[in-house]
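Enquirer: Chains as they are written, first to last, in our numbering: chain Z, 1 to 219; chain X, 220 to 438; chain H, 439 to 657; chain E, 658 to 876; chain V, 877 to 1095; chain W, 1096 to 1314; chain R, 1315 to 1533; chain B, 1534 to 1752.
In this text, a Cβ means the ideal position worked out from N, Cα and C, and glycines have one as well.
Dropping the structure in here first, questions after.
Number of protein chains: 8
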Amino acid sequence: MKLETGSKLVMIGDSITDCGRKHPYGEGIFEGVGKGYVSLVDALLETAYPELQIRTINMGIGGNTVRDLSNRWKTDVIDLKPDWLSIMIGINDVWRHFDEPKIKESHISLEEYESTLLQLVEQVQPSLKGLVLMTPFLIEANPEDAMRKQMDEYGMAVKRVAEQVGAVFVDIQAEFNKMLDYYYSGTFAGDRVHPNMAGHMVIARAFLNAVGYDWSRNG
Amino acid sequence: MKLETGSKLVMIGDSITDCGRKHPYGEGIFEGVGKGYVSLVDALLETAYPELQIRTINMGIGGNTVRDLSNRWKTDVIDLKPDWLSIMIGINDVWRHFDEPKIKESHISLEEYESTLLQLVEQVQPSLKGLVLMTPFLIEANPEDAMRKQMDEYGMAVKRVAEQVGAVFVDIQAEFNKMLDYYYSGTFAGDRVHPNMAGHMVIARAFLNAVGYDWSRNG
Amino acid sequence: MKLETGSKLVMIGDSITDCGRKHPYGEGIFEGVGKGYVSLVDALLETAYPELQIRTINMGIGGNTVRDLSNRWKTDVIDLKPDWLSIMIGINDVWRHFDEPKIKESHISLEEYESTLLQLVEQVQPSLKGLVLMTPFLIEANPEDAMRKQMDEYGMAVKRVAEQVGAVFVDIQAEFNKMLDYYYSGTFAGDRVHPNMAGHMVIARAFLNAVGYDWSRNG
Amino acid sequence: MKLETGSKLVMIGDSITDCGRKHPYGEGIFEGVGKGYVSLVDALLETAYPELQIRTINMGIGGNTVRDLSNRWKTDVIDLKPDWLSIMIGINDVWRHFDEPKIKESHISLEEYESTLLQLVEQVQPSLKGLVLMTPFLIEANPEDAMRKQMDEYGMAVKRVAEQVGAVFVDIQAEFNKMLDYYYSGTFAGDRVHPNMAGHMVIARAFLNAVGYDWSRNG
Amino acid sequence: MKLETGSKLVMIGDSITDCGRKHPYGEGIFEGVGKGYVSLVDALLETAYPELQIRTINMGIGGNTVRDLSNRWKTDVIDLKPDWLSIMIGINDVWRHFDEPKIKESHISLEEYESTLLQLVEQVQPSLKGLVLMTPFLIEANPEDAMRKQMDEYGMAVKRVAEQVGAVFVDIQAEFNKMLDYYYSGTFAGDRVHPNMAGHMVIARAFLNAVGYDWSRNG
Amino acid sequence: MKLETGSKLVMIGDSITDCGRKHPYGEGIFEGVGKGYVSLVDALLETAYPELQIRTINMGIGGNTVRDLSNRWKTDVIDLKPDWLSIMIGINDVWRHFDEPKIKESHISLEEYESTLLQLVEQVQPSLKGLVLMTPFLIEANPEDAMRKQMDEYGMAVKRVAEQVGAVFVDIQAEFNKMLDYYYSGTFAGDRVHPNMAGHMVIARAFLNAVGYDWSRNG
Amino acid sequence: MKLETGSKLVMIGDSITDCGRKHPYGEGIFEGVGKGYVSLVDALLETAYPELQIRTINMGIGGNTVRDLSNRWKTDVIDLKPDWLSIMIGINDVWRHFDEPKIKESHISLEEYESTLLQLVEQVQPSLKGLVLMTPFLIEANPEDAMRKQMDEYGMAVKRVAEQVGAVFVDIQAEFNKMLDYYYSGTFAGDRVHPNMAGHMVIARAFLNAVGYDWSRNG
Amino acid sequence: MKLETGSKLVMIGDSITDCGRKHPYGEGIFEGVGKGYVSLVDALLETAYPELQIRTINMGIGGNTVRDLSNRWKTDVIDLKPDWLSIMIGINDVWRHFDEPKIKESHISLEEYESTLLQLVEQVQPSLKGLVLMTPFLIEANPEDAMRKQMDEYGMAVKRVAEQVGAVFVDIQAEFNKMLDYYYSGTFAGDRVHPNMAGHMVIARAFLNAVGYDWSRNG
């Protein structure tokens, strides 16, 4: 298990991360961490490793692209002084190409996406104990689907950035792909993007596996 | 893993089970299984054992006692023809002694509790492949606390019934007790009864461990 | 133009047809015909052929399958004595296989779908001046997609029924396929099923072309 | 068809244009173009000319007069750099004379109306590929009706401005007049101003006819 | 002044009468008489003739035609044993011809209107001290307007019935016509049917003048 | 009739005046004048003297005392340039002594009341054609009632100010007193302050009688 | 202190008693006893005499008269088998004479009031350990006020019934009268009927004094 | 009785004090003092000592700690110039250690608590006639419970401060402890913190006893 006692874990992203978290800081009583994968990660850490006292803070905001993360990076990441940081961004960066194809200014190109992500990561990494980069995803089995294809390209950019800086890389798209061998996308998300509890569990399990979580612990 | 391919799992109980499930049957799209431990069990089964295609139905109703279960046993359990059945009842049976002490007709005695539970179980067990009985609980560290003490007695009754009929017994109270070595009750539930996500995860993990769930699977 | 002066046109279906229509009869002031393709058909008939005085009644109900249509066929179709009838059903018949895969009783098999549709059509056709059968659809470009594939099969059943009884056949799936050469599904429907105005216009145009609507009229 | 590939079409006006559009810019997912004639124009362009990729932006605001347009002309028209622009204004300019007759400061005189409209048009026309001026209207058959009469005068002013600058002129009043040969005003609008879907279709058809839309296309 | 001390005055009609009155009987505290002309009549009787102690009951129901009145005549008029009765019905009987022209079953013909009205009046008149028949109206200055014209014909039927049975006849249309010499219809009602306070005052004044109300009294 | 053609009448006061009027200026469509006595005055002027085209503006604000009027006198009275002005203030000035007896700073003394009222009136009178001062009131028959007694004293102050400046004086308390010979206070206002329609009619009639309104006109 | 250990106290009445209590039985968690004097009595009994374990049930219903009590006497009093019963009824019996003076059928005469009350009391008294009759009241200092006067007469009837059957009599009107030596009615109730917390405390104190409550106890 | 005629009593604290009071000052009509113990104190003072005319102001704010009191001490206490002041703070100071154990910055240490409280008291005491310090509490019978234990320590700090400055000290925890001999915590508060009416009465009675309230007065 890579997270040490007393670690502060900040998880940032878009609506998949947000899920009704508290503002301005997504933690504390009354479902401060929201109801998505962040709350599952938090609950699974707390119940299997109660002695570690890991503090999880949800900083997701619905609709965000990497450009939006950039605008709030100082207040929403750096000022929080996280020990561990996870980032899952890119769904909206890609999606806007497909649901608002004519509104070009809402599209984030692969170049802008990758360079911005790298720049953000470089700003914060020196002060981190651990960094986790998760791919954006589309819950779609067909790799030739246009949006899935572009999402895969952005996921490859995440991988490149992770390798470049030595971060933990989590391929969420690959995890959903495994599920799609057994279930159709509609079982996880009506719009192939916003998951139900089972879909959020896919993300939480992938994240925890990547940081060395021992599932059999405290059983 | 005890649950076989294509099993139908019915989970019945009170508000801890209910958690906003769909009526009359707690399953299907739009959070049909609610947002509590049932949805966590469902999500964990689906993601670790996608090939088993286990169908989970939440039949909890807030405020229920074992007397209420008895009134709806035919329509809400037997008619559903479950393969596996889990029961977690008793919190309200005990609680009313403490928050409505003078309203005697709202109290369920230990005798009524145990005999009714046994009778319900005997009605349905012959047609089941598996039966899981979970104790009621109070998230309270002090075993001398009056309500905790009575809850423990009702939990013992659950154990006796489980042994009598050969059911899987899950000691939820014991699981919360382990957590209370590290955290105060308020971290899991403001009123020591209705858990947040971490508290529901305690229940879900205990249930799954009891039915042989392999946590490292599909990792 | 096939619809004669003073015709009564009843359009029945599921949520795609319904779109907030008035109950029990979907017509009249205050958006009685709803806000979907039925209202577009109605508006296009009224503005291009004001002298025909065609009366359009929306009888769609969200979530309906062909089994549901069967249950309300007498009151909702036959008793209305339509001159023309359009039916667009089948999306939910197929969808439940994919978003509630384990709830088998919510699935309508191809056999039940086709035989029920035929039976309904045969009951009402003798008293009609015209019958239009429209295929169900999934706004998805990949014909190998599992749900699209099954939808196509149900669409073929519609075609067979149409040929058998000599009804006007409208291939809505084919119309959306043409659009998908230019746009991704997300431009028409976030969940690939419930269309925005542009998607409803695709349906309305297909229907009107099939009944000989003269677009250049009254221009 | 006059609109070229990739054109940006801005449609500005009052509540007839607005119809619940998104702010500050009326476009994009979640009914950004509203639910009125703008959304019909958008849907008809998209479905008949998918390859043109025309971008439609609704900039209507309920209650606006030409004086209000003047106040927001820079931010809401010029800054958007439209290729094509349509303007339908004047209903409120006239209406206030009739429903608030004593509140003189809410009345826009014919002189102010015409000169302001001309001035706005002259500011923006040099940078446009096409300009469409539509008349305000009252859905009232009687040309001697006091409000209809004044509306006709404002409509004549629109015509004069259109001729002066060489814009496409669309006589919406004339289109409704044709309809009123067959239907009473109440079929289109309870208050003779805010149209239902059929009324909005009258406007959309008139606009599209004026810009050379080929209705039979892609049929 | 024709109404005697202690009279019970029942006023029945459609939405113009109703105006949010209490159900099942439109009287008593908390605006039981609604907020329309009935409440003005009640307030003017109470303040100018406090000693008469006249009891006013509003029995209007929105959307009603004379056919609806017929269905509730026993419970809503006869059982109340009124001393005085006023009826203002017919707007919806006419209006449906114009806003739902194709839904023929919602239209009340002049014949049905007149004969039903006469029949209702004859049933109740023997037990009344006074009967007031008010015409339906359209706040429209042009007597050649199609709906105004038909409304005038229904008004003439009211006059014939009034003469036949010797009832007090009040020509509400004529009263609004006088107002329309000075104001456009929009000053009284956006849809020319549902009046604002000034429009309700026109009705209340006409009613009171017809029953001999002394305006200068108690001044 | 004292109000001349085209007069602008501003009526200012507290919640009795306000009654849900439009902000910032209480006039125009959609019940801009509110639903209280101001709307009755407006409706009675409009229907009896349509040719005068009198413009009524409601500037009441709930809870106001004379001190509050003073704070908004410039923007809410002087800047409007009224021809006629009516003031009805003082109920809250007195009431606070009785429902918040210990909160001394919420009480307006008779001295402050009278001197402030005089000062306000003197500021605006030179530019007026007519000024109407109405007394505050308590709908209570017993002149020895403590609150009624104090209200009478404030009413006397209104009278003194009216005489001093030559304004029209309207004794609303006296009007309600007449009514209380026949009815108990509860018939007009549950709390003896906020009138129902009949109570507002008492005020409206008193105001109109004071300005020479001819009730029999246009009958 | 007259109430014995384990007594069941039922308090019945109108809106003053009701105050948002739980239905069908006004007791138990979540403010089952409402928020008025019943909850104060309950709280004062519980805190001063915790060992007595007195069970209080609120059976008030807003708007009730003695006639309404009669209709629900069996289910709402007798079936509950109270040890002690308190009744406070009559405010609405009197009030309707004053706020709905013309609706005679809503008035309960003194004769009906007294005879019904006596009959109800006689039905239940044999099975009671204690009966408390409280007068209705009007928070009005002037004994010559018409409504106060009539309320006093109904209060005298309560006294006669209490004497006749040997019940504890509590003169709530007299208690409020004492308060009115120091405060105006508005300090306790805007409408002189529905009290604030201080007004409810007046009632609770009077009731408790009448049953021998020792205020200094457990201090 | 220590409070003199005309005293102004300010009661400050957290949500237990607040209970829906009016802002910015918690007094006056419409439940300005809230619905908790402050309103009970106010009602009991008003009804037993009406002649004293004591003015009670509720300045509680939910969630407050002593650090929050410090931030608003000038505007919310000193500027109000109270004669008597009561303070009940500390529950949140302690609670956050237990329900948000990892969010260290939300915890108020015993040292900060005591020194801040002392400092606040010293600022205001010179201008007071009386000061009452009440302990924070947890409605929990077990003195070894971790949160109860810490709450007791903070309560001891209150006692020390009270002794140091000569303030009236009220041990609310001790009062609840007495109640817990007879009832379980759930009878007073589901979460052992936010009391129902009975729990608020415990606080109100303790406060009043401490200031010499004579319960038998005005009986």
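From W/Asp1286 to V/Ala1050, what distance separates their C-alpha atoms?
Expert: Position 191 of the sixth sequence holds residue 1286 of chain W. Position 174 of the fifth sequence holds residue 1050 of chain V. Answer to the nearest angstrom: the Cα atoms are 41 Å apart.
Enquirer: Does any CB atom of chain X fall closer than 8 Å to the CB of B/Gly1719?
Expert: The residue you call residue 1719 of chain B lines up with position 186 of the eighth sequence. Judged by the 8 Å Cβ criterion, B/Gly1719 is in contact with chain X.
Enquirer: Return the CA-CA distance between V/Thr923 and R/Ala1520, expressed in angstroms with no decimal places.
Expert: Here the question's residue 923 of chain V lines up with position 47 in the fifth sequence. Here the question's residue 1520 of chain R lines up with position 206 in the seventh sequence. Their backbone Cα atoms lie some 42 Å apart in a straight line.
Enquirer: For R/Thr1379 and R/Ile1403, which I take to be in contact (beta-carbon distance under 8 Å), what is that distance rounded to the nearest angstrom?
Expert: Position 65 of the seventh sequence, counted from the start, is the residue given in the question as residue 1379 of chain R. Position 89 of the seventh sequence, counted from the start, is the residue given in the question as residue 1403 of chain R. The C-beta separation of R/Thr1379 from R/Ile1403 comes to about 7 Å, placing the pair in contact by the 8 Å criterion.
Enquirer: Considering only C-alpha positions, which residue in the set V/Lys884, V/Asp890, V/Leu879, V/Glu880 is nearest to V/Pro1012?
Expert: The residue labelled residue 1012 of chain V in the question sits at position 136 within the fifth sequence. Selected option, being the one with the closest Cα: V/Asp890.
Enquirer: Applying a beta-carbon distance threshold of less than 7 Å, which residues of chain Z neighbour H/Asp629?
Expert: Residue numbering aside, residue 629 of chain H sits at position 191 when the third sequence is read from its first letter. The answer, in chain order, is Gly190, Asp191.
Enquirer: Examine the Cβ distances between the stretch 1291-1309 of chain W and the stretch 1419-1437 of chain R and report whether three or more of them are shorter than 8 Å.
Expert: no
Enquirer: By Cβ distance, which residues of its chain are closer than 7 Å to B/Met1684, with the 5 residues on each side in sequence left out?
Expert: Within the eighth sequence, the letter at position 151 stands for residue 1684 of chain B. Around B/Met1684: Val1627, Pro1669, Phe1670, Leu1671, Gln1706.
Enquirer: Measure from the C-beta of W/Arg1255 to each C-beta in chain V and report whether the shortest distance is under 8 Å.
Expert: Sequence index remark: in the sixth sequence, residue 1255 of chain W carries index 160 (1-based). Closer than 8 Å: no.
Enquirer: Output the boundary residues of the beta strand (DSSP E) element that contains R/Thr1370.
Expert: Here residue 1370 of chain R corresponds to residue number 56 of the seventh sequence, with the count starting at 1. It spans 1369-1372 - the beta strand (DSSP E) in which R/Thr1370 sits, taken as one unbroken run.
Enquirer: What are the start and end residues of each continuous beta strand (DSSP E) run of 3 or more residues lying completely inside the stretch 1102-1132 of chain W, in chain order?
Expert: 1103-1108
Enquirer: Determine the closest residue to Z/Ile78 out of Z/Phe169, Z/Leu9, Z/Arg148, Z/Met1, with distance taken between C-alpha atoms.
Expert: By one-based count along the first sequence, residue 78 of chain Z stands at place 78. For Z/Ile78, the nearest C-alpha among the options comes from Z/Leu9.
Enquirer: Quick one: is W/Thr1112 buried, meaning 16 or more other Cβ sit within 10 Å of its Cβ, or exposed?
Expert: Taking the first residue of the sixth sequence as position 1, residue 1112 of chain W is located at position 17. W/Thr1112 comes out buried.
Enquirer: Among V/Met887, V/Gly910, V/Lys911, V/Ala919, whose alpha-carbon lies nearest the alpha-carbon of V/Trp1091?
Expert: Looking up residue 1091 of chain V in the fifth sequence gives position 215. The option with the nearest alpha carbon to V/Trp1091 is V/Ala919.
Enquirer: May I have a chain-ordered list of the beta strand (DSSP E) segments no shorter than 3 residues that lie completely inside the stretch 309-354 of chain X?
Expert: The qualifying runs are 349-353.
Enquirer: Just how far apart, CA to CA, sit Z/Ser106 and E/His680?
Expert: Within the first sequence, residue 106 of chain Z is the residue found at index 106, counting from 1. Within the fourth sequence, residue 680 of chain E is the residue found at index 23, counting from 1. Rounded to the nearest angstrom, the two C-alpha atoms are 15 Å apart.
Enquirer: Name, please, each residue of chain X whose Cβ falls closer than 9 Å to the Cβ of H/Asp456.
Expert: By 1-based counting over the third sequence, the position of residue 456 of chain H is 18. None at all; the shortest Cβ gap to chain X is about 17 Å.
Enquirer: Classify X/Thr406: buried if its beta carbon has 16 or more other beta carbons within 10 angstroms, exposed otherwise.
Expert: The residue you call residue 406 of chain X lines up with position 187 of the second sequence. By the 10 Å Cβ count, X/Thr406 comes out buried.
Enquirer: Whole angstroms are fine: how far does the CA of B/Leu1573 sit from the CA of W/Asn1291?
Expert: The count along the sixth sequence starts at 1 and reaches residue 1291 of chain W at position 196. The count along the eighth sequence starts at 1 and reaches residue 1573 of chain B at position 40. If you take the alpha carbons of W/Asn1291 and B/Leu1573, they lie about 34 Å apart.
Enquirer: Please classify H/Ser547: is it buried, with 16 or more other beta-carbons within 10 angstroms of its beta-carbon, or exposed?
Expert: Stepping through the third sequence from its first residue, residue 547 of chain H is reached at position 109. With fewer than 16 Cβ atoms within 10 Å of its Cβ, H/Ser547 is classed as exposed.
Enquirer: According to DSSP, Z/Met88 sits in a beta bridge with which residue or residues?
Expert: Locating residue 88 of chain Z in the first sequence gives position 88, where the first residue counts as 1. BP columns for Z/Met88 point to Z/Gly13, Z/Met134.
Enquirer: Over what stretch of residues does the beta strand (DSSP E) that includes E/Val825 continue unbroken?
Expert: Translated into the one-based positions of the fourth sequence, residue 825 of chain E becomes position 168. Run containing E/Val825: 825-827, per the beta strand (DSSP E) assignment.
Enquirer: Mind pulling the chain E residues with CB within less than 7 Å of H/Thr554?
Expert: Here the question's residue 554 of chain H lines up with position 116 in the third sequence. Think of a sphere of 7 Å around the beta carbon of H/Thr554: no beta carbon from chain E falls inside it, the nearest being about 32 Å out.
Enquirer: Any Cβ of chain W within less than 8 Å of the Cβ of B/Arg1588?
Expert: Position 55 of the eighth sequence, counting from 1, holds the residue named residue 1588 of chain B. It does: the Cβ of B/Arg1588 has a partner Cβ on chain W nearer than 8 Å.
Enquirer: Under 8 Å between the Cβ atoms of R/Leu1399 and R/Leu1442?
Expert: Locating residue 1399 of chain R in the seventh sequence gives position 85, counting from the first residue. Locating residue 1442 of chain R in the seventh sequence gives position 128, counting from the first residue. Closer than 8 Å, so yes.
Enquirer: Taking 8 Å as the cut-off, decide whether the C-beta atoms of H/Leu507 and H/Ile467 are in contact.
Expert: Numbered from its first residue, the third sequence carries residue 507 of chain H at position 69. Numbered from its first residue, the third sequence carries residue 467 of chain H at position 29. For the pair H/Leu507 and H/Ile467, the CB atoms are not nearer than the 8 Å cut-off.
Enquirer: Z/Met147 and Z/Phe98: beta carbons closer than 8 Å?
Expert: For the purposes of this step, residue 147 of chain Z is taken as residue 147 along the first sequence, with counting starting at 1. For the purposes of this step, residue 98 of chain Z is taken as residue 98 along the first sequence, with counting starting at 1. Against a cut-off of 8 Å, the Cβ pair of Z/Phe98 and Z/Met147 comes out as a contact.
Enquirer: Got a sec? Which residues, its chain only, sit under 8 Å from Z/Ile103 by beta carbon, not counting five neighbours each side?
Expert: Here residue 103 of chain Z corresponds to residue number 103 of the first sequence, with the count starting at 1. Counting only Cβ-Cβ distances below 8 Å, and skipping sequence neighbours, we find Arg96.
Enquirer: Report the start-end ranges of each beta strand (DSSP E) in the stretch 583-650 of chain H that is 3 residues or longer and not cut off at the edges.
Expert: 606-608
Enquirer: Would DSSP call Z/Ser39 helix, strand or coil?
Expert: Counting from 1 along the first sequence, the entry for residue 39 of chain Z is found at position 39. Looking at Z/Ser39 - three-state DSSP - the assignment turns out to be helix.
Enquirer: Compile a chain-ordered list of the residues in the stretch 1632-1658 of chain B whose CB is closer than 8 Å to at least one CB of chain Z.
Expert: Asp1632, Glu1633, Pro1634, Lys1635, Ile1636, Ser1639
Enquirer: Show which residues of chain B have a CB atom less than 7 Å away from the CB atom of X/Ala365.
Expert: In the second sequence, counting from the first residue as 1, residue 365 of chain X sits at position 146. Those are Tyr1717, listed as they occur along chain B.
Enquirer: Beta-carbon within less than 6 Å of Z/Val158's beta-carbon, same chain only, minus the 5 sequence neighbours each way: which residues are those?
Expert: What you label residue 158 of chain Z is simply residue 158 of the first sequence in a count that begins at 1. Contacts found: Leu133, Thr135.
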